[in-house]
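S.K.:
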Amino acid sequence: MSFDASSLTALVSAGSFSIWDYRTGDSRAAVLASGYFAAATDRLLPGHVVILHSADGMSFLPMREAGAVGNGLVLDSVSAPLRLSRTAAGRFGIAVTARMS
């Protein structure tokens with residue numbers, strides 16, 4: 005699919021900053037592709053944020069120059085979440101010595 009201007013809605017605007025809502029059946033990867041928002045460069049300016057509701061999740065996307073999109077922040081996804089685990093093991097000891105004078 006391609007960009008659908010009727011699915012782009014301005015939610016908040018203050019000065020030169022705007023937050024947009026965009027809903028699409030496209031995947032997040034398709035939306036991040038170069039030129040996806042080319043038809044909306046007059047509306048989506050650098051520094052604006054798009055709340056993306058895509059087929060595979062929800063994201064906050066920062067707009068860059070010429071309609072380019074930054075990777076943003078994924079809020080929800082249909083894929084399994086990234087799992088990180090951290091373990092650490094260390095030895096700790098205390099030695100007591102006596103000095104006789």
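The numbering of the sequence shown is this note's numbering, which starts it at 5 and goes up by one. Positions of the beta carbon are idealized from the N, C-alpha and C atoms, including for glycine. Please read these numbers as outputs of a predicted model, since none were measured by experiment.
Would a C-beta distance cut-off of 9 Å place residue 32 and residue 56 closer than the cut-off?
M.R.: Yes, Cβ-Cβ distance for residue 32 and residue 56 is below 9 Å.
S.K.: State buried or exposed for residue 58, treating a residue as buried only when at least 16 other CB atoms are found within 10 Å of its CB.
M.R.: Its Cβ being crowded by 16 or more others within 10 Å, residue 58 is buried.
S.K.: Report the rounded CA-to-CA distance for residue 40 versus residue 65, giving the unit in angstroms.
M.R.: Distance between the alpha carbons of residue 40 and residue 65 is about 13 Å.
S.K.: Return yes when the Cβ of residue 67 is within less than 9 Å of the Cβ of residue 53, no when it is not.
M.R.: Yes, they are a contact pair.
S.K.: Could you check which residue in 35, 99, 19 and 36 has the C-alpha nearest to that of residue 51?
M.R.: Residue 51 has its Cα closest to that of 19, out of 35, 99, 19 and 36.
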